[in-house]
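Okay, so here's the structure we're looking at.
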Amino acid sequence: MGIAPFSYIQFRRTCGSGTKSSGEILTPLSSRFALVVLRLPDCHGIQCNCRRVIFFFVFSHLYRPTRLLLFDIHSRSSPPCSTMIPVTTPATRDPTLLVHGGAWAIPADAAAAHESGVRAALEAGYAILSLGGSALDAVQAAVTVLEDDPTFDAGRGSFLTSDGRVQLDALLMDGGRMKAGGVACVERLRNPIQAARLVLEESPHVYFVAEGAERFAAAHGMALIDNADLVLPRERDRLAQAQARQSAGLADETFSGQILRDDKDPETAALSNESRGKSANSTTHAEGLPPSAKDHDTVGAVALDGHGNLAAATSTGGTLNKTPGRVGDSSLIGCGCYADNLAAAVSLTGWGEPIMKLVLGKWATDRVAAGSAPEIAAREAISYLYNRLGGHGGIILLGPDGRFGLAHNTPAMAWGIATPGGLQTGLTI
Ligand code: ASP
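At position 414 of the sequence shown (counting the first as 1) the number is 413 in numbering that gives the first Met the number 0, and the numbers step up by one without a gap.
Spelled out as structure tokens, the structure:
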């Protein structure tokens, strides 16, 4: 009995020495023959002399869904590796990927860059899913693309702290293994989402901050850069304007919860955009909005892979002019990011303080677990955010059956979705 065609399968493996490792890729060469590339992150060739990377071939007629004999390469002195046990099943479902690039008053001159950035992230993430790759790899790849794009408030090009530095937060969560990895207040990492993945895979801990996070990432091979490499002149100007507003006594509104009267109800936010002639593409949207509703450009992704696993990732430079050391919702488990195969995967963007107080990501996934459709739960989450604490933001929510919801009560939210049917992007829901 074989699987045809082969698909990506993760294995958990115990060497003869007792060393455990996982994270393998089965690459189909044809419907009957596959190349297995086995990486041994925990083995290091120390205890059992396993090679760090092993290539071998498998024929589909020898494959059993529950157990695969491993023809391993060992030095003569080491005990042989025994078996590899699949921990995921062959791909059986249509994968889905959703991404967002922040919910705020996206100005007209930034609209095209937001949509093309979101599209590039979808393409990178969906390329992994369509080859049978994992939801976790897909969300990491999508968010890496968005961090690398200076359009967004993540990675290079992020908003600046009040002292003119970039401080980044990111979280990644695997809903199949219920593993999470997060970093906050990092200043010397180009891609904090990759550091979050290292935390998830390589540490018994879940969350690292500041210098400790940077040291951990560096110890696991990530380059440390100069903070100035993450700072754009555009952001220096934006900070100067924000601080001028602050001096004029206007900046308290950032966290005060005051909001525009005409943008109150998330149920009508899209309508109100319509009635303004799709003015999400208009700078007039920014006028009159408090800073809390203007400056949200965090990025995030949620995915369902062909094996039925969910994952979520969120990455941010936080809010404009934030006090150094401030951490928002984005990288906190259950606030700006959460994934559980038994519930849903979620990524949020918006004014972080209200989102944190409501633990809004978990609130939304709990509703899906309790039977709500994600499209309803997403709208309810944004209504709850506004009605309870006057918060502004946006959400992408994906259920284990592939149903999804998107909602925002800001003038715009850059979003995109990829399914086997194709890619779609937009700036309002
Ligand atoms: N939620 C982020 C924060 O408060 C900001 C954003 O979404 O743009 O740090």
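Ideal placement from N, C-alpha and C gives every residue a C-beta, glycine not left out. It should be emphasised that the depicted structure is a prediction, and the values quoted were computed from it without experimental measurement.
For residue i, the three-state DSSP class (helix, strand or coil)
i	result
E215	For the record, residue 215 in the displayed sequence is Phe; it is not Glu. Reduced to three states, the DSSP call for F215 is helix.
G415	strand
H391	coil
A195	helix
L319	coil
H113	helix
T427	coil
G351	helix
L438	There is simply no residue 438 to check, as the chain begins at 0 and stops at 428 in what is shown.
T150	coil
G124	helix
L422	strand
I381	helix
S291	Here S291 scores only 44 on pLDDT, less than 50, and its place in the model should not be relied on; the value that follows carries that caveat. Three-state DSSP puts S291 in a helix.
A243	helix
P94	coil
I375	helix
V142	helix
P203	coil
D236	helix
N386	helix
L357	helix
Those residues which DSSP pairs with residue i across a bridge
i	result
V208	A183
W362	Paired residues: none, contrary to the question.
Y337	V345
I332	C336
S314	A169 and V298
K178	D173
H430	Past the boundaries of the shown model lies residue 430; the chain is included only from 0 to 428, so the question cannot be answered.
H407	G393
L309	L303
T160	K321
Residue environment, residue i, which counts as buried when at least 16 other CB atoms sit within 10 Å
i	result
T348	buried
H204	exposed
L68	Interpretation of L68 is limited by its pLDDT of 38, a score under 50 that renders its predicted location unreliable; the figure taken from the coordinates is listed afterwards. Exposed, since its Cβ has fewer than 16 Cβ neighbours within 10 Å.
L249	exposed
R51	Below a pLDDT of 50, predicted positions are generally treated as unreliable, and R51, at 45, falls in that range; the measurement from the model is reported next regardless. Burial call: exposed.
T315	buried
A222	exposed
S431	Here the chain has residues from 0 to 428 only, and residue 431 is not among them.
E210	exposed
D108	exposed
P40	Any reading at P40 needs caution, since the residue's pLDDT is 47, under 50, leaving its predicted position unreliable; the model's value is listed next. P40 is exposed by the Cβ-count criterion.
D225	exposed
G154	buried
T143	buried
G420	exposed
Residue j beta carbon less than 7 Å from that of residue i
i	j	result
T364	A342	yes
L396	A413	no
D150	A112	As written in the sequence, residue 150 is Thr, which differs from the Asp given in the question. Yes; because the gap between Cβ atoms is below 7 Å, this pair is in contact.
D328	P94	no
L145	V298	yes
Y337	K361	yes
L159	E234	yes
A141	V185	no
R402	A369	no
A241	L167	no
A227	A194	no
G392	N308	no
F207	V230	no
G101	V117	no
A300	V138	yes
Y383	N408	no
P353	L331	no
G404	W350	no
G333	V358	yes
T424	E114	yes
A344	D173	no
D152	P323	no
Assumed close pair residue i, residue j - CB separation to whole angstroms, cut-off 8 Å
i	j	result
I416	A312	No, I416 and A312 are not in contact; Cβ-Cβ is about 15 Å, not under 8 Å.
L170	G124	L170 to G124, Cβ: 16 Å. No contact.
A302	A179	Not quite, the Cβ-Cβ distance comes to about 15 Å (not below 8 Å), so this is no contact.
T427	A411	5 Å
L501	L422	No answer is possible for residue 501: the residues shown for the chain start at 0 and end at 428.
R325	G317	6 Å
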